[in-house]
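S.K.: Quick one: this structure, given as C-alpha cells, is what I'll be asking you about.
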Amino acid sequence: MKSILVVGGTGAQGGAVVRYLCSTGRYRILLFTRDVESKHSTDLIKLGNVEGVKNGADHGYDIGAYEQALQQVDGVFINTDGFALGEQAETYWGIRLFEAAVKAGVPHVVYSGLENSWRESGYDPALYVGHYQGKARVQDFIKAQPPSKTKWSVVRSGPYIEMLGEALVPSVDINGTYSFNLPLDDGAIPFIYLEDFGRYIDWIFSHPEEAANLDLAVSTTHATGEDIALAFTAVTGKKAIYSNIPASIWSSIAFESLPDGQDTKLGYNTLNPSGLNQTYAENFGNWWNLYKASADNTGLIKKDYALLDQLLPGRVKSVKEWMVRANYTGERVRLLKMAVTNST
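Numbering-wise (our numbering), the sequence shown opens with residue 662 and increments by one.
Here is the structure:
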C-alpha cells in the first residue's frame, strides 16, 4: 500500500479523494484534521485504512504535526480551504505546506488548484476571484521551483456538479416547474464530478512518472443553464427552465445564513479579515463572470476533454449522465461544510 497524507480531507473534495482512494484497497490514508472525533472525520476513518492525525493549530496548520506525518508517507494531497482561511492565508499556507513536503523528501505532492483566470484575462478587475487567486499563486510558486527528488502535480478543477443540490439547487413554483436561477447569461460552468476527481488523484499516484510536474485541468463538462434544465427534464420528466438572474440576487439567497449575509468576508471564521479580503458577494459576483466568459470551452476557462478521456475513459461526461448516476431529483442535499455549519 502507498501511504498518502491528505490535507483538507474532511471537506467535500478531500472527502471524495479519501473515499475513492480507500475504495481501491491500494492506499493507507493519514487524515490531517483538527478534530479526529468529528462526524466528518469518523465517517472517513470507518472506511478502513484511514487514520486521523491531529492538526493542533486553532487557525491554519500545525507544522510540527504535519512534518511528523510527512515522515510516514509516500505522497501528500493538499487542498486548503480559501473560504475558511481567506485569500492571503491560503496563499501562505499552500506554499508553506509544499515547502515542508519537499524538505521532508516526500516522493510526490499533489496540489489542488484552480485556474489563474485573472492573469489570463489581462487582470480584468471584474474577473478577480479571491478563492481562485489564493490557489493560483501557490501553483505558480510550485511550478517555478527547481527540480528536486519530490515530484509534484497540480490538479485544477472547478465547481462541483454536486452543487446542483445545494448552492445551485432549483426553485419550484406552484405549478411544479423547476427553475435553475443562475447569473450565467450565455456562459458555461466547467463542472467536476467529485467521484471522478478522486479517480484523477488515484491516476496521479498510480502513474508517478507520467504525472510528474503535470499541471492537469480536470472537468466533467462545460454546462450552460439551458443544458442543466434540459438534462433535468430528460432525467426526471419534470418541467424545468433556466432563468438568468443578477449575481446580487443569487448571492443574497446563497449566503443568507452567514453572519453578515453576502457581505461576510472570506476567512471570517478563522481570522480578523483584512480589507484585502473580498466579501462573498464580491468574490462570487466575479466568480460568475468567469463562467459568463467561458462558453463552449473556447473562452476564458478551457479544458482538454480529449486528454481527460484518455486518462479516465469511464469518466462522467455530461450533466445528464451525472443526474442519472446520482438519482438527482432537484432536492437540496448538503455538501459543503460551510453550508452545514451555517445552516439553521
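All C-beta atoms in this analysis are idealised placements derived from N, C-alpha and C, irrespective of residue type, glycine included.
A quick note: this is a predicted structure, and the numbers were derived from the prediction, not measured.
Can you list, in chain order, the residues of its chain with a C-beta nearer than 6 Å to that of Ile-902? Leave out the 5 residues immediately preceding and following it.
M.R.: To locate residue 902, count along the sequence shown from 1; it is residue 241. The residues are Ser-840, Ala-890.
S.K.: In whole angstroms, what is the alpha-carbon distance linking Gln-674 and Ile-853?
M.R.: In the sequence shown, the residue the question calls residue 674 occupies position 13. In the sequence shown, the residue the question calls residue 853 occupies position 192. So the two alpha carbons sit approximately 10 Å from each other.
S.K.: How is Lys-994 classed by DSSP in three states: helix, strand or coil?
M.R.: The residue you call residue 994 lines up with position 333 of the sequence shown. Here residue 994 turns out to be Val, not Lys, going by the sequence shown. In the three-state reduction of the DSSP assignment, Val-994 falls in the coil class.
S.K.: Check whether chain D comes within 8 Å of Phe-858, counting only Cβ atoms and requiring the distance to be less than that.
M.R.: Checking the listed chains, one finds no chain D in this structure; it contains a single protein chain.
S.K.: By the 10 Å Cβ neighbour count, where 16 or more other Cβ atoms means buried, how is Gly-747 classified, buried or exposed?
M.R.: Sequence index remark: in the sequence shown, residue 747 carries index 86 (1-based). Looking at its Cβ environment, which holds 16 or more other Cβ atoms inside 10 Å, Gly-747 is buried.
S.K.: Where Arg-817 and Asn-958 are concerned, what is the direct C-alpha to C-alpha distance, given to the nearest angstrom?
M.R.: As a position in the sequence shown, residue 817 is number 156, starting the count at 1. As a position in the sequence shown, residue 958 is number 297, starting the count at 1. Distance between the alpha carbons of Arg-817 and Asn-958: 15 Å.
S.K.: Can you tell me which of the three DSSP states Asn-842 falls into?
M.R.: As a working note, residue 842 is residue 181 in the sequence shown. Looking at Asn-842 - three-state DSSP - the assignment turns out to be strand.
S.K.: For Gly-709, collect the residues of the same chain with a Cβ closer than 7 Å to its Cβ; drop the 5 residues on either side in sequence, then sort them by chain order.
M.R.: Reading the sequence shown from its first residue, position 48 is the one you call residue 709. So the list reads Cys-683, once near-sequence residues are dropped.
S.K.: Quick check: the Cα distance between Gly-991 and Pro-807, rounded to an integer number of angstroms?
M.R.: As a working mapping, residue 991 is identified with position 330 in the sequence shown. As a working mapping, residue 807 is identified with position 146 in the sequence shown. Approximately 48 Å between the Cα atoms of the pair.
S.K.: Among the residues of its own chain, which have a CB less than 8 Å from the CB of Leu-731, if the five just before and after it don't count?
M.R.: As a position in the sequence shown, residue 731 is number 70, starting the count at 1. Contacts found: Leu-666, Val-737, Ala-761, Ala-762, Ala-765, Val-767.
S.K.: If we call anything under 8 Å between Cβ atoms a contact, is Ile-962 one with Thr-881?
M.R.: By one-based count along the sequence shown, residue 962 stands at place 301. By one-based count along the sequence shown, residue 881 stands at place 220. No; because the gap between Cβ atoms is not below 8 Å, this pair is not in contact.
S.K.: To the nearest angstrom, how far is it from the Cα of Gly-669 to the Cα of Asp-696?
M.R.: As a working mapping, residue 669 is identified with position 8 in the sequence shown. As a working mapping, residue 696 is identified with position 35 in the sequence shown. About 12 Å.
S.K.: I'd like the span of the beta strand (DSSP E) that includes Gly-736, first residue to last.
M.R.: As a first step, residue 736 is located in the sequence shown; it is residue number 75 there, counting from the start. Here the beta strand (DSSP E) through Gly-736 covers 736-739.
S.K.: Looking only at its own chain, which residues have a Cβ that is under 6 Å from the Cβ of Ala-954, when we skip the five neighbours before and after it?
M.R.: Taking the sequence shown and counting its residues from 1, the one referred to as residue 954 is at position 293. Gly-960, Leu-961.
S.K.: Along the alpha helix (DSSP H) that carries Ser-912, what are the first and last residues, could you check?
M.R.: Within the sequence shown, the letter at position 251 stands for residue 912. Element bounds for Ser-912: 908-915.
S.K.: Could you tell me the alpha carbon to alpha carbon distance between Ile-835 and Gln-923, rounded to whole angstroms?
M.R.: For the purposes of this step, residue 835 is identified with residue 174 of the sequence shown, where counting begins at 1. For the purposes of this step, residue 923 is identified with residue 262 of the sequence shown, where counting begins at 1. Cα to Cα, Ile-835 sits roughly 28 Å from Gln-923.
S.K.: Return the CA-CA distance between Val-833 and Met-984, expressed in angstroms with no decimal places.
M.R.: For this step, residue 833 is matched to residue 172 along the sequence shown. For this step, residue 984 is matched to residue 323 along the sequence shown. Distance between the alpha carbons of Val-833 and Met-984: 18 Å.
S.K.: Do Gly-755 and Thr-741 have their C-beta atoms within less than 8 Å of each other?
M.R.: For the purposes of this step, residue 755 is taken as residue 94 along the sequence shown, with counting starting at 1. For the purposes of this step, residue 741 is taken as residue 80 along the sequence shown, with counting starting at 1. In this structure, Thr-741 lies closer than 8 Å to Gly-755 by Cβ.
S.K.: Which residue wins for smallest C-alpha separation from Leu-855, given the options Arg-986, Gly-783, Gln-733?
M.R.: By 1-based counting over the sequence shown, the position of residue 855 is 194. The residue with the shortest Cα to Cα distance from Leu-855 is Arg-986.
S.K.: If we ignore side chains and look at the alpha-carbon of each, how far apart do His-966 and Trp-864 end up?
M.R.: One-based indexing of the sequence shown puts residue 966 at position 305. One-based indexing of the sequence shown puts residue 864 at position 203. A small correction: the amino acid at residue 966 is Tyr; His does not occupy that position in the sequence shown. C-alpha separation (whole angstroms): 16 Å.
S.K.: Under three-state DSSP, which class holds Pro-643?
M.R.: Lying outside 662 to 1005, the shown extent of the chain, residue 643 is not represented and no answer is given.
S.K.: When the Cα atoms are used, what is the spatial distance from Asn-930 to Ala-718?
M.R.: Mapped onto the sequence shown, residue 930 falls at position 269. Mapped onto the sequence shown, residue 718 falls at position 57. Straight-line Cα distance between these residues: approximately 14 Å.
S.K.: In the DSSP assignment, find the unbroken beta strand (DSSP E) run with Thr-694 in it and report its ends.
M.R.: Locating residue 694 in the sequence shown gives position 33, counting from the first residue. Its beta strand (DSSP E) spans residues 688-694.
S.K.: Report the three-state DSSP secondary structure of Glu-760 (helix, strand or coil).
M.R.: Stepping through the sequence shown from its first residue, residue 760 is reached at position 99. Helix.
S.K.: Report all residues from its chain with a CB closer than 7 Å to the CB of Asn-988; omit the five preceding and five following residues, and keep chain order.
M.R.: Counting from one through the sequence shown, the residue named residue 988 turns up at place 327. The answer is none, since no qualifying residue turns up.
S.K.: What residues match up with Leu-875 in a beta bridge as DSSP calls it?
M.R.: The residue given as residue 875 occupies position 214 in the sequence shown. Ser-814.
S.K.: Assign Gln-971 to one of two classes, buried (16 or more other C-beta atoms within 10 Å of its C-beta) or exposed (fewer than that).
M.R.: Locating residue 971 in the sequence shown gives position 310, where the first residue counts as 1. Gln-971 is exposed by the Cβ-count criterion.
S.K.: Out of curiosity, what's the CA-to-CA distance linking Tyr-861 and Asp-846?
M.R.: Taking the sequence shown and counting its residues from 1, one reaches residue 861 at position 200. Taking the sequence shown and counting its residues from 1, one reaches residue 846 at position 185. Using only the alpha carbons, I get a separation of about 31 Å.
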